[in-house]
Amino acid sequence: MYTGGYSGKILRVNLTDKTSKEEKLPLEIATNFIGGAGLGIKYLFDEVKPGTDALGPENKLIFAPGPFTGTSIPCASRMAVTGKSPLTGAVGVALTGGYFPAELKFAGWDAIIIEGKAEKPTWISVKDGAVRFHDAAGIWGTMTFDCQQMIKDNLKDQNTRVICIGPAGERLSKIACIINERRAVGRKGLGAVMGSKNLKAIAVRGTGTVAITSEEKYKTARSEMLKAMKESPVLYSAFSPAGTPMVVDLTGALGILSAKNWTATGEFVPVEELGLDAQNSRKIGKEHCYDCPVGCSQMKLAKTGPYAGILTEGPEFETIYSFGTETGVANLDAVIAADRLADELGLDSMSAGVTIGFAMELFEKGILTLADTGGLELKFGNDQAMIALLRMMAYREGIGDILTDGTKAAAKKIGKGSEKYAMNIKGLELPAYDVRGAKAHGLNYATAYTGADHNKGYAFQEIFGIPVPWEVDRFAIEGKGKLTKWNQDVRCVTCDCATMCAFILDTALPATSTQNTAALMEAVTGLIFTPDEVQKVGERVNNLAKAFNIREGFTRADDTFPDRLMTEPLKDGASKGQLISKEDLKTMLDEYYTDRGWNPETGVPTRAKLTDLGLGYVADLLGL
Amino acid sequence: MKIKIHSILGLKEVLGGRDVEMIVPDGTTVSGLLAGMIEIWGDSLSPHLFKPGSDQLLPYVRLMINGQTIQFINGMETVLNDGDEVLLLPLAAGG
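Residue numbers (numbering that gives the first Met the number 0), protein chains in the order written: chain A, 0 to 623; chain B, 0 to 94.
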């Protein structure tokens, strides 16, 4: 029986026959998977059959906040969206913050499961227990910001929260995202899954509250967390006013800020043009997610050239990379414009920028010509070509039709040896950190169940120098398997299942996040966990996601890097000479699989490991 | 010998730029370099590097020589060589 945190109710919406129903969230699932991506992956594994077309009606989308979302626990208004990714064919999970996740809880739902396919463009509204299906003819084709406003106007309720797709999702771009306010459920192409279901948007309004099991324990646990945040040496003093762009300066200094499709890391380091000082020159305000005292998100206004007057929330560090250093564009106002445009079009800014950088390298090498690009001079640094191409990608015009499905699919169509310049893992474009100079960060890219996803096992030990659980040499190979398992499991349960902001984990709770989650779980939900049991939830979810991928045909060979990372040492900067050779990768993978209790030869979880995690039925299904 | 010091964020402001150079005697260690820097930048630099009233480095302040963290060389006793680039990094967050 639920006493707090959870309503115990899941909303299942079938678009094919326009029905919705309330289901119970089994207590066993809440206990074993907590929420967010944990719930999402559990339902995905159990309900989406192997080989399902990610853009077919049988794929599902699960929108799941966590048990603390909607309470006054700080930095917990986050939500995971889970489905099979059309970009990778693997588990697709992406998270977002803002206000929608809390509103979903106020409406009384622990998750929404979307299934089927609407006959024609549709949007749905959820007001507490009432679900309505609306004809989306009037909003199909709109940009994401306009769409949200039109829905609020239609419902005559400006406090309704809306999550929607833009033109890219409607056209099934495999790098389409879902937009919530000015925030993105960014990666893995989940916007295309919404588009494939003819679902333009979901609007949510709730009038309820989230129950707390023990007010006394809640007060104590919440105070402890706020105290840890206050005592952080960086959270309020530096991170709150600066946000993620300070990592441009840091990674630039470390020689790991990837540039020009990973050909010029350490050589092209435009920190003066794109780093924190430049960002501050465009800052006009900041934004907070629901019940977040930090407010790391910075509002910026472009000042120069054709971009003057364009406002965006961001760009965050990863977007400064993707539309900046990756494409050779050392023009902050162009990056601001591209960030805004990508959000409006509903394109993942990271995959879009990396794909444009890929196309630029192909153009400079003569693999793509002016005839291919429709006259666009796709050279590194051409900001106007970048902006033009973004629009072409969203609307599938010209070369944009090929590029809008990401680097892996584009390379397959373009051929001519372009595959070796496609910077992705399992189809997901690489994040900003050049992992030749941060090896555990790299091992996470190679092994994360979603593909090259920095958020699945962020190695803050290597990037920020935080010595938890131990001090780490970023260039070393040995010990990175064990570390990556720790990073992935702790981050999975803290940020993806309990849906706490990752920045709080890094800045305030690096050594105490599982204790913090255990205390909050008891206070809010009444469910008792030890810190080790909390961490085991993360391990369980990572194993279940891995099992999903194995069922889809992924093997050890997919846990790898683009050749460039294994054969081309960094040429300059503070990581000069570094690479991860194929032998290095093998060493790290062997250690990682062994520490995970997986078969080191195949990378497949063993029956013993799955049974230990309460996933014996998964071992049966995998034929172990 | 000449040592290049690269810093970022708040430390960069104290030193007056991302890159500064110092001339130090042969055989200078990291510890000696920091002592020399305190002589130049004095009280404005000290709170960014050391715990109040001590010569112990603040936790999370990172020192690297040519990209390698000093803890994995010889710590504060690591001997510098001509042309070395020292990274002086405060704690950052985000990403």
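Where is the CB? At the ideal position from N, CA and C, for every residue including glycine.
The model shown is predicted, which means the values in this text are computed figures rather than measured ones.
Looking at chain B, which residues of the segment 531-564 of chain A have a Cβ within less than 9 Å of any of its Cβ atoms? none
Interface residues of chain A around residue 34(B) at Cβ under 7 Å? None at all; the shortest Cβ gap to chain A is about 22 Å.
Please identify, using Cβ separations under 8 Å, the residues of the segment 219-249 of chain A that lie next to chain B, in order along the chain. Residues of the segment 219-249 of chain A with a C-beta atom less than 8 Å from some C-beta of chain B are 232, 233, 234, 237, 238, 241, 242, 243, 244, 245, 246, 248, 249, listed in chain order.
Sorted by chain position, which residues of the same chain lie with C-beta nearer than 7 Å to residue 504(A)'s C-beta, five sequence neighbours on each side aside? 490, 493, 494, 512
With the cut-off set at 8 Å, would you say residue 500(A) and residue 160(A) are in Cβ contact? Cβ atoms of residue 500(A) and residue 160(A): not closer than 8 Å.
From residue 366(A) to residue 420(A), what distance separates their C-alpha atoms? 11 Å
Is there a Cβ from chain B that is less than 8 Å from the Cβ of residue 264(A)? Closer than 8 Å: no.
Which residues bound the alpha helix (DSSP H) around residue 330(A)? Counting along the chain, residue 330(A) falls outside any alpha helix (DSSP H), and DSSP gives it neither H nor E.
Any C-beta of chain B within less than 7 Å: which residues of the segment 494-509 of chain A qualify? 502, 505, 506
How many whole angstroms separate the CB atoms of residue 308(A) and residue 298(A), which I take to be in contact at a CB cut-off of 8 Å? No, residue 308(A) and residue 298(A) are not in contact; Cβ-Cβ is about 13 Å, not under 8 Å.
Taking Cβ positions, are residue 17(A) and residue 144(A) nearer each other than 8 Å? No, the Cβ-Cβ distance between residue 17(A) and residue 144(A) is not below 8 Å.
By alpha-carbon positions, which one of 452(A), 424(A), 539(A), 75(A) ends up nearest to residue 605(A)? 539(A)
Would the beta-carbon of residue 498(A) fall within 8 Å of that of residue 92(B)? no
Taking residue 65(B) as the query, report the chain E residues whose CB atoms sit under 9 Å from its CB, ordered along the chain. Going by chain labels, chain E is absent from the structure shown, which instead holds the protein chains A and B.
Neighbour-count burial assignment, residue 172(A), 16 or more Cβ in a 10 Å radius: buried
Residues in the segment 48-73 of chain B with C-beta within 9 Å of chain A's C-beta atoms, listed in sequence order? 57, 58, 59, 60, 61, 63, 65, 66, 67, 68, 70, 71
Can you check whether the CB of residue 423(A) is closer than 8 Å to the CB of residue 451(A)? yes
Can you list the residues of chain A that residue 41(B) reaches, using a CB-CB cut of under 9 Å? Neighbours of residue 41(B) on chain A: none; closest Cβ ~22 Å, over 9 Å.
Do residue 187(A) and residue 375(A) have their C-beta atoms within less than 8 Å of each other? no
Find the residues of chain A that neighbour residue 90(B), judging by a C-beta separation of less than 7 Å, and give them in chain order. Chain A residues near residue 90(B): 232, 233, 463.
What does residue 95(A) pair with, by DSSP beta-bridge criteria? 78(A)
Using a Cβ cut-off of 8 Å, which residues of the segment 285-301 of chain A contact any Cβ in chain B, in chain order? 295
Whole-angstrom distance between residue 22(B) and residue 37(A), CA atom to CA atom: 56 Å
Do you know offhand how far residue 519(A)'s Cα is from residue 483(A)'s? 25 Å
Just to confirm the assignment, what range does the beta strand (DSSP E) spanning residue 64(A) have? 60-64
Using the beta-carbon of each residue, which ones in chain B are nearer than 9 Å to residue 316(A)? 93, 94
Interface flag, residue 7(B) vs chain A, CB-CB below 8 Å: At least one CB atom of chain A sits nearer than 8 Å to the CB of residue 7(B).
Please say whether residue 438(A) and residue 587(A) have beta carbons closer to each other than 8 Å? yes
Run through chain B and tell me which residues come within less than 9 Å of residue 472(A), C-beta to C-beta. Correct list: 67, 68, 70, 71.
So what does residue 467(A) bridge to, in DSSP terms? Its beta-bridge partners do not exist; DSSP assigns none.
Are the Cβ atoms of residue 608(A) and residue 542(A) separated by less than 8 Å? yes
Going by the CB atoms, is the gap between residue 190(A) and residue 168(A) shorter than 8 Å? yes
Check the DSSP bridge columns for residue 532(A) and list the partner residues they point to. DSSP, once it has assigned bridges, lists no residue as partnering residue 532(A).
Could you give the distance in angstroms between the alpha-carbon of residue 360(A) and the alpha-carbon of residue 261(A)? 10 Å
Since residue 82(B) is in the beta strand (DSSP E), which residue starts that stretch and which ends it? Unbroken run through residue 82(B): none, as it is neither H nor E.
Please report whether the beta-carbon of residue 252(A) lies at a distance below 8 Å from any beta-carbon of chain B. yes
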